[in-house]
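In this note's numbering, the protein residues as written are 609 to 1058. Backbone N, C-alpha and C define an ideal beta-carbon position, used for all residues, glycine too. Working notes, beginning with the structure itself.
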């Protein structure tokens, strides 16, 4: 948590440094926490759920009204394809609307049935816990914030938000949306903090928890600081999601889904399919069609930075040196990285247990269903997964055996505001979205009355 942090917009398509933002001073970081603590002591503890829901609905409206500006900013900051950026803004708005629509039901008192002979009543009353720190990544500048902010503001928690250094303009636009929607000063506070300053925020006794989406290294550092200070944390740390093909009535449709699952956000999504595991009798046909389709769909957009593209290139080179075969057209140019397919990746290959964050896929041959499950689970990660088969019983059987927080059967791109998002193993812990996303930072207070 000690490396330097510079907040700047550097267009990955051109390499141009567009705008720099000053890193917050220690006094500014302290003032941000003061504001959030004051807002919690007043608004957070006393406001009605219906009033907070109305504010969230207004946040959703402002996302839609300002979609063009938000989308263009994401394109310039991290190279996101424009259609993906526009879709992200729409999804973010849907998340704010979802929690606004369901806040009263999710936060309602929950009666507890007492044992025989017990007098009186008991219930669980869900209350906010206080100030929370959110540490957000660059790959989904609006959506990641929505996942964290919507349920917690609906609950009455207040937020200090440290966005990725690549996304300072998105960070400012989002704070303006919350203020313009009518949230009080301090309910949502953006701060251009360094990692060292973020560590101090976690340690502040007024801060009750931290949510981070990012790398394993960042997650381990945050979890260590949170644990040392007895703070709860929610971590989403990426994955190397398996896409398991056990059968198909329409292999072209399965291949189309596979390509979409690999290339979402130019391959830079935590839950994008990255390892394609195909049973032996379909393997050759799948690899032929998938390779052709993936190369044809080689992204027109850059990766998030030249450094990101260089890192992916290094991983691919190491995979080839370890015995894998690569099929791709073209070479990396700056932040632009062509699509590629790696085959022959053995368990001793460096790439076997790595996450490839970009438009490069690994394909594995499985002898049968059991072998496919074994390969799918042979990873340190456990975020999402995909299972394709026309056999419904097989699909459920395999879904039960995959070690992941999410399994999608015969479909991709199915994320929704009502569906919980999160993983197991080194993909982190905790859940966002759905009802479960509102349960993470809530005081489930027992009230027992005689």
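Which of the three DSSP states is assigned to residue 628 in this structure? On the chain shown, position 20 is the one that residue 628 refers to. Here residue 628 sits in strand by DSSP.
Residues bridged to residue 882 by DSSP? Taking the chain shown and counting its residues from 1, one reaches residue 882 at position 274. DSSP lists no partner for residue 882.
Residue span of the alpha helix (DSSP H) that contains residue 682, given as start and end: The count along the chain shown starts at 1 and reaches residue 682 at position 74. It spans 675-686 - the alpha helix (DSSP H) in which residue 682 sits, taken as one unbroken run.
Is residue 822 helix, strand or coil by DSSP? Counting from one through the chain shown, the residue named residue 822 turns up at place 214. Of the three classes helix, strand and coil, the one that applies to residue 822 here is coil, per DSSP.
The beta strand (DSSP E) enclosing residue 972, as first and last residue numbers: Counted from its first residue, the chain shown places residue 972 at position 364. Start and end: 968-974.
Is the beta carbon of residue 801 sitting closer than 8 Å to the one on residue 761? In the chain shown, the residue the question calls residue 801 occupies position 193. In the chain shown, the residue the question calls residue 761 occupies position 153. No; because the gap between Cβ atoms is not below 8 Å, this pair is not in contact.
Determine the closest residue to residue 809 out of 1055, 839, 871, with distance taken between C-alpha atoms. For this step, residue 809 is matched to residue 201 along the chain shown. Residue 809 has its Cα closest to that of 839, out of 1055, 839, 871.
Do residue 989 and residue 848 have their beta-carbon atoms positioned less than 8 Å apart in this structure? The count along the chain shown starts at 1 and reaches residue 848 at position 240. The count along the chain shown starts at 1 and reaches residue 989 at position 381. Yes, the Cβ-Cβ distance between residue 848 and residue 989 is below 8 Å.
Does any C-beta atom of chain E lie closer than 8 Å to the C-beta of residue 990? The structure shown contains no chain E; it holds only a single protein chain.
Please work out which residues of its chain come closer than 7 Å, Cβ to Cβ, to residue 957, disregarding the five sequence neighbours upstream and downstream, and give them in chain order. Position 349 of the chain shown, counted from the first residue, corresponds to residue 957. Closer than 7 Å at the Cβ level, and outside the excluded window around residue 957, lie 927, 930, 931, 932.
I'd like the ranges of any alpha helix (DSSP H) spanning at least 4 consecutive residues and lying wholly in the region 792-859. 803-811, 824-836
If you draw a straight line from the alpha carbon of residue 647 to that of residue 684, how long is it in whole angstroms? For the purposes of this step, residue 647 is taken as residue 39 along the chain shown, with counting starting at 1. For the purposes of this step, residue 684 is taken as residue 76 along the chain shown, with counting starting at 1. Roughly 33 Å between the two C-alpha positions.
With a threshold of 6 Å on Cβ separation, who are the neighbours of residue 660 within its own chain once the five nearest residues in sequence on each side are excluded? As a first step, residue 660 is located in the chain shown; it is residue number 52 there, counting from the start. Cβ within range, chain order: 762.
Could you check the C-alpha separation between residue 881 and residue 1056 for me, to the nearest Å? Taking the first residue of the chain shown as position 1, residue 881 is located at position 273. Taking the first residue of the chain shown as position 1, residue 1056 is located at position 448. In a straight line, the C-alpha of residue 881 is about 48 Å away from that of residue 1056.
Would you mind stating whether residue 675 and residue 751 have Cβ atoms separated by less than 8 Å? Counted from its first residue, the chain shown places residue 675 at position 67. Counted from its first residue, the chain shown places residue 751 at position 143. Going by C-beta atoms, residue 675 is not nearer than 8 Å to residue 751.
Go to residue 708, then tell me how far its alpha helix (DSSP H) extends in each direction, as first and last residue. Residue mapping note: residue 708 aligns to position 100 of the chain shown, counting from 1. Its alpha helix (DSSP H) spans residues 690-714.
For residue 660, list the residues DSSP reports as bridge partners. For the purposes of this step, residue 660 is taken as residue 52 along the chain shown, with counting starting at 1. Answer is none; residue 660 lacks a bridge partner.
Can you tell me whether residue 919 is helix, strand or coil according to DSSP? Within the chain shown, the letter at position 311 stands for residue 919. The answer is helix: DSSP assigns residue 919 an H, G or I state.
The beta strand (DSSP E) that contains residue 740, what's its start and end? Taking the first residue of the chain shown as 1, we reach residue 740 at position 132. Residues 739-743.
Name the DSSP bridge partner or partners of residue 1081? The requested residue 1081 is not part of the displayed model; the chain covers only 609 to 1058.
Buried versus exposed call for residue 755 [16 or more other C-beta atoms within 10 Å across all chains shown]: Residue 755 sits at position 147 when you count from the first residue of the chain shown. With 16 or more Cβ atoms within 10 Å of its Cβ, residue 755 is classed as buried.
Using the rule of at least 16 other Cβ atoms within 10 Å of the residue's Cβ for burial, across every protein chain shown, is residue 883 buried or exposed? As a working note, residue 883 is residue 275 in the chain shown. Residue 883 comes out buried.
Could you please give me the residues that DSSP links to residue 1010 through a beta bridge? By one-based count along the chain shown, residue 1010 stands at place 402. Paired residues: none, contrary to the question.
Identify, in the order they occur along the chain, each residue of the same chain with its Cβ nearer than 6 Å to the Cβ of residue 935, setting aside the five sequence neighbours on each side. Numbered from its first residue, the chain shown carries residue 935 at position 327. Closer than 6 Å at Cβ, skipping near neighbours: 899, 949.
Among 695, 871, 617, 652, which has the Cα closest to the Cα of residue 672? Your numbering for residue 672 matches position 64 in the chain shown. The shortest Cα separation from residue 672 among 695, 871, 617, 652 belongs to 695.
Taking the DSSP output, what are the residues bridged to residue 729? For the purposes of this step, residue 729 is taken as the residue at position 121 of the chain shown. Answer by DSSP bridge pairing, in chain order: 1057.
Given a threshold of 16 other Cβ atoms within 10 Å of its Cβ, counted over all protein chains shown, does residue 770 qualify as buried or as exposed? Here residue 770 refers to the residue found at position 162 when the chain shown is read from its first residue. Its Cβ being crowded by 16 or more others within 10 Å, residue 770 is buried.
CA nearest to the CA of residue 709, picked from 689, 665, 819, 736: In the chain shown, the residue the question calls residue 709 occupies position 101. Minimum Cα distance to residue 709 is reached at 665.
Three-state class that DSSP yields for residue 977 in the structure shown: Taking the first residue of the chain shown as 1, we reach residue 977 at position 369. Residue 977 falls in the helix class under three-state DSSP.
Beta-bridge partners of residue 948, as assigned by DSSP: Against the chain shown, residue 948 aligns to sequence position 340. Paired residues: 936, 968.
With distances taken from CA atoms, which of 779, 1032, 1033 is nearest residue 798? Within the chain shown, the letter at position 190 stands for residue 798. The shortest C-alpha separation from residue 798 is found at 779.
Does the Cβ of residue 745 have 16 or more other Cβ atoms within 10 Å, making it buried, or fewer, making it exposed? Counting from one through the chain shown, the residue named residue 745 turns up at place 137. Residue 745 should be labelled buried.
Please state whether DSSP places residue 718 in a helix, a strand or coil. Working through the chain shown from its first residue, we reach residue 718 at position 110. Correct three-state label for residue 718: strand.
Does the beta-carbon distance from residue 715 to residue 734 come in below 8 Å? Here residue 715 corresponds to residue number 107 of the chain shown, with the count starting at 1. Here residue 734 corresponds to residue number 126 of the chain shown, with the count starting at 1. Yes, they are a contact pair.
Three-state secondary structure (DSSP) of residue 563: Lying outside 609 to 1058, the shown extent of the chain, residue 563 is not represented and no answer is given.
State the DSSP-derived secondary structure class of residue 760, mapped to helix, strand or coil. By 1-based counting over the chain shown, the position of residue 760 is 152. Of the three classes helix, strand and coil, the one that applies to residue 760 here is helix, per DSSP.
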